Amino acid sequence: MVTSDDHWRFVGIAWRLDRLRWVPRDVLADVVMKDGECVWAFADGDPPELTGHDGIDRELAARLCARCPVQDECLELELRTAGEHTTGVWGALNERDRRALYPHWRQRGERAEPLDEDGGEEQ
Numbered sequence: 001m002v003t004s005d006d007h008w009r010f011v012g013i014a015w016r017l018d019r020l021r022w023v024p025r026d027v028l029a030d031v032v033m034k035d036g037e038c039v040w041a042f043a044d045g046d047p048p049e050l051t052g053h054d055g056i057d058r059e060l061a062a063r064l065c066a067r068c069p070v071q072d073e074c075l076e077l078e079l080r081t082a083g084e085h086t087t088g089v090w091g092a093l094n095e096r097d098r099r100a101l102y103p104h105w106r107q108r109g110e111r112a113e114p115l116d117e118d119g120g121e122e123q
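Position 104 (the sequence shown) corresponds to 104 in the UniProt record's numbering; numbering is contiguous.
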């Protein structure tokens, strides 16, 4: 269940991502692969699995991404790529939070590449 506080938190995150609206997806991917903390932290193994418990998964996402300098770029890339079908931890948010964020993000307008019918960007 999304609370009023969550609603406004997601509106704020969507607004913050507006600065990345016109950055091409390939540029976002390059930035995330080059500077993403998780790319280097888990290069030799898989990151921890989500538990399915919202509070625990939120804390796990926050801890995994705490020092990452490209959280927004990562989140923007995942929303563009996976849309509502997002899984795992991206941009310091678990999948449930990203699914709740998605409609707020989508309302903010066009992106560098058009979105397809399923929510992700057309290839």
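Glycine included, C-beta positions come from ideal geometry on N, C-alpha and C.
Quantities reported herein were computed from a predicted structural model and do not represent experimental measurements.
Residue i versus residue j: straight-line alpha-carbon distance, rounded
i	j	result
W90	H104	17 Å
V32	C74	6 Å
W40	E78	18 Å
Span of the alpha helix (DSSP H), counted from its first residue to its last, around residue i
i	result
P103	95-107
A61	54-65
Proximity test, residue i beta-carbon vs the ligand PLP heavy atom, cut-off 6 Å
i	result
M33	Among the components of this structure there are no ligands whatsoever, and the ligand PLP is therefore not found.
Whether residue i touches residue j by CB criterion (7 Å)
i	j	result
L17	D72	yes
E95	C68	no
E113	R25	yes
Cβ neighbour criterion (16 or more within 10 Å) applied to residue i
i	result
R108	exposed
D97	buried
Q123	Model confidence at Q123 stands at a pLDDT of 48, short of 50, so the residue's coordinates are unreliable; what they give is reported in the following sentence. Its Cβ having fewer than 16 others within 10 Å, Q123 is exposed.
E76	buried
(request) Enumerate, from N- to C-terminal direction, the unbroken alpha helix (DSSP H) stretches of 4 or more residues contained entirely within the segment 4-41. (result) 4-17, 25-35, 37-41
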